[in-house]
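Notes follow once the structure below has been shown.
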Amino acid sequence: MNVKTNNYGPIVSNDATERLARNDIKPVTAYKTDIIYNGLAYFTRHNPFYTVLFYFFVSYVMTYVIGILSGQLNGGGGRNPMHTYILDNLCMGILAPIGAGLITNLYKKISDATGIIGAKRIIKDGDLRAYQALLNKFDAKFNNYYITAASTILAFLISAFIYFHRKTSWLGIAGGITGIYDSIFVFLNFAMIITIVYKSCITIWLIQKIISFDINIRPMHPDHAGGLRHIGSLSMAVNYFLILVMFYFSLLLIFDAFAQRFILIYLFFYVFTFFIFFASLYEAHKKMRRVKDEALEKLENTSNHYYYKLVTSAGALGIYDLDSADEIIMVDNLYTIVEKMPVWPFNINNIIKFFSVFITPLIIFIISLLVNTDSILYNWKLIFNLLTK
109 MNVKTNNYGP IVSNDATERL ARNDIKPVTA YKTDIIYNGL AYFTRHNPFY
159 TVLFYFFVSY VMTYVIGILS GQLNGGGGRN PMHTYILDNL CMGILAPIGA
209 GLITNLYKKI SDATGIIGAK RIIKDGDLRA YQALLNKFDA KFNNYYITAA
259 STILAFLISA FIYFHRKTSW LGIAGGITGI YDSIFVFLNF AMIITIVYKS
309 CITIWLIQKI ISFDINIRPM HPDHAGGLRH IGSLSMAVNY FLILVMFYFS
359 LLLIFDAFAQ RFILIYLFFY VFTFFIFFAS LYEAHKKMRR VKDEALEKLE
409 NTSNHYYYKL VTSAGALGIY DLDSADEIIM VDNLYTIVEK MPVWPFNINN
459 IIKFFSVFIT PLIIFIISLL VNTDSILYNW KLIFNLLTK
């Protein structure tokens, strides 16, 4: 048994101890301090789809049920009918349930990724102790009760302001029992948003720290992402929240005249979201590019070696050796596999799925400019004519 040491203590290199060390790497439980999520998970069993359905029912459907029972569905007393508040209905009926489902998905991805990265040899043997120390540090930052308390207080202040400020809305103080019921979910929504914004930043920090290790990149891995699919999936899970925020901004630009003054801020956030997604994985991109190029070079040299062997044997015998020809074919197949490996930690299907979602808010934004008579895009001909006079 060979014993080596590093800054974290002795490293035992026999297989049995290595397996034990990898089994000792425990995935991070991402929802330990999230009281709201734990309440949801009691009913949804940590299933993202069930979470969306459950939250849609209790936060949106039940609001309408209470509106019907209380007689407030059709408005009155300075309030319009509930269904006429399009932005509120879209946010409470679509964005909020999807956001709850994305939280479940993120927590699941964190637990899966932190366990698999250690167990599946993405982290090399000598870095296991350092990886466990990183997970402990991440756990302390991520599951922080002070953040939970701060987000709860801030969400309460925001929801209280909305409740008392929106005096003509059925979501505010004028909404009676319907407004009281729905203000509970306004509070829960803001508490989850504030918490997840913080946790998303900490998760991006974790991803960058993991990538900074001398990670194992396997160009021929069947996940078609160099064996790093779980890192890419975790990064996508984080950025889906930013995309959801962009959906909200896009809806504001369509339905809120005041928000239309801040188009430049929206564009900045859109570009920032795109940048932060790839910037968080740029180190992995460089490493994957280097490993891919090295593998392709080795396969090319291997192919040249067997081709030389094939030609040399043919010169002496006047025929090609089929065994050598088969070896060239095998090398060529491996070359094709490696050549198709992306140089980002996700396969082509995940890339297509992500960009399909990512581009949707931009399409909504462009549509809002096309229908807004005050926008530059709507009046582009008039502006062009004025500039060319």
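Numbering of the sequence shown is given in our numbering, commencing with residue 109 and proceeding in unit increments.
In this text, a Cβ means the ideal position worked out from N, Cα and C, and glycines have one as well.
In this text the structure is predicted, and so the values were computed from the model without any measurement.
What's the gap between the Cα of H393 and the Cα of V451? Translated into the one-based positions of the sequence shown, residue 393 becomes position 285. Translated into the one-based positions of the sequence shown, residue 451 becomes position 343. So the alpha carbons of these two residues sit roughly 5 angstroms apart.
G426, buried or exposed, once every other Cβ within 10 Å from all chains shown has been counted against 16: Along the sequence shown, read from residue 1 onward, the residue named residue 426 stands at position 318. With fewer than 16 Cβ atoms within 10 Å of its Cβ, G426 is classed as exposed.
Got a sec? Which residues, its chain only, sit under 7 angstroms from L203 by beta carbon, not counting five neighbours each side? Counting from 1 along the sequence shown, the entry for residue 203 is found at position 95. Taken in chain order, the residues that qualify are L352, F355, Y356.
Taking the alpha-carbon positions, what's the Y416 to G335 distance? Indexing the sequence shown from 1 puts residue 416 at position 308. Indexing the sequence shown from 1 puts residue 335 at position 227. If you take the alpha carbons of Y416 and G335, they lie about 33 angstroms apart.
Could you give the distance in angstroms between the alpha-carbon of G280 and the alpha-carbon of I318? Residue numbering aside, residue 280 sits at position 172 when the sequence shown is read from its first letter. Residue numbering aside, residue 318 sits at position 210 when the sequence shown is read from its first letter. C-alpha separation (whole angstroms): 45 angstroms.
Answer with yes or no whether the minimum CB distance from V160 to chain D is below 7 angstroms. Looking at the structure shown, chain D is missing, and only one protein chain is on hand.
Give the DSSP-derived three-state secondary structure of R237 in the structure shown. Your numbering for residue 237 matches position 129 in the sequence shown. In this structure, R237 counts as helix in the three-state DSSP scheme.
Could you give the distance in angstroms between the alpha-carbon of M190 and the alpha-carbon of F293? Counted from its first residue, the sequence shown places residue 190 at position 82. Counted from its first residue, the sequence shown places residue 293 at position 185. Looking at the two C-alpha atoms, the distance is approximately 16 angstroms.
If we ignore side chains and look at the alpha-carbon of each, how far apart do T468 and Y378 end up? Position 360 of the sequence shown, counted from the first residue, corresponds to residue 468. Position 270 of the sequence shown, counted from the first residue, corresponds to residue 378. When rounded, the distance between both Cα atoms is 11 angstroms.
Starting from Y139, trace the alpha helix (DSSP H) both ways and give me its first and last residue. For this step, residue 139 is matched to residue 31 along the sequence shown. Looking at the DSSP string, Y139 is not in any alpha helix (DSSP H), and its letter there is neither H nor E.
Taking only three categories from DSSP, how would you classify R187? Within the sequence shown, the letter at position 79 stands for residue 187. The answer is strand: DSSP assigns R187 an E or B state.
Spatial neighbours of S529 in its chain, beta-carbon cut-off 7 angstroms, leaving aside the 5 residues before and after: Limits of the chain in this structure are 109 at one end and 497 at the other, which puts residue 529 out of reach.
Cα-Cα separation, Q368 to T152: On the sequence shown, position 260 is the one that residue 368 refers to. On the sequence shown, position 44 is the one that residue 152 refers to. Approximately 38 angstroms, taken between the alpha carbons.
Straight-line CA distance for G186 to W278? Along the sequence shown, one-based indexing puts residue 186 at 78. Along the sequence shown, one-based indexing puts residue 278 at 170. When rounded, the distance between both Cα atoms is 10 angstroms.
Alpha carbon to alpha carbon, what distance is there between I288 and T569? What the structure shows of the chain is the stretch from 109 to 497, and residue 569 is not part of that stretch, so it cannot be assessed.
Secondary structure, alpha helix (DSSP H): runs of 4+ residues fully inside the segment 329-403: 337-363, 371-387
With a threshold of 8 angstroms, are at least 3 pairs of Cβ atoms found where one atom belongs to the segment 169-179 and the other to the segment 237-249? no
Could you please give the first and the last residue of the uninterrupted alpha helix (DSSP H) stretch that includes P205? Taking the first residue of the sequence shown as position 1, residue 205 is located at position 97. Note, P205: alpha helix (DSSP H), 204-227.
Measuring alpha carbon to alpha carbon, tell me which of Y374, D235, A333, L407 ends up nearest I323. For this step, residue 323 is matched to residue 215 along the sequence shown. For the residues Y374, D235, A333, L407, the minimum Cα distance to I323 belongs to D235.
Using the three-state DSSP reduction, which class does H273 fall into: helix, strand or coil? Against the sequence shown, residue 273 aligns to sequence position 165. Note: H273 maps to helix in three-state DSSP.
Per-residue burial, C309 [other beta carbons within 10 Å of its own, 16 or more giving buried]: As a working note, residue 309 is residue 201 in the sequence shown. With fewer than 16 Cβ atoms within 10 Å of its Cβ, C309 is classed as exposed.
C-beta atoms of L314 and S343 nearer than 7 angstroms: Start at 1 with the first residue of the sequence shown, and residue 314 comes out as number 206. Start at 1 with the first residue of the sequence shown, and residue 343 comes out as number 235. No, they are not a contact pair.
Contact set for P156: own chain, Cβ-Cβ below 8 angstroms, skip 5 residues either direction: For the purposes of this step, residue 156 is taken as residue 48 along the sequence shown, with counting starting at 1. These residues qualify, in order along the chain: G209, L210, T212, N213, K216.
I'd like to check one pair, F363 with I194: are the Cβ atoms closer than 7 angstroms? As a working note, residue 194 is residue 86 in the sequence shown. As a working note, residue 363 is residue 255 in the sequence shown. Cβ atoms of I194 and F363: closer than 7 angstroms.
Assign S267 to one of two classes, buried (16 or more other C-beta atoms within 10 Å of its C-beta) or exposed (fewer than that). Here the question's residue 267 lines up with position 159 in the sequence shown. When all chains shown are included, S267 counts as buried.
Please state the DSSP three-state secondary structure of N251. By 1-based counting over the sequence shown, the position of residue 251 is 143. Coil at N251, not helix or strand.
Using beta-carbon positions only, say whether S464 and V439 come within less than 7 angstroms of one another. Counting from one through the sequence shown, the residue named residue 464 turns up at place 356. Counting from one through the sequence shown, the residue named residue 439 turns up at place 331. No; because the gap between Cβ atoms is not below 7 angstroms, this pair is not in contact.
Alpha-carbon to alpha-carbon, P327 and V399: By one-based count along the sequence shown, residue 399 stands at place 291. By one-based count along the sequence shown, residue 327 stands at place 219. In a straight line, the C-alpha of V399 is about 7 angstroms away from that of P327.
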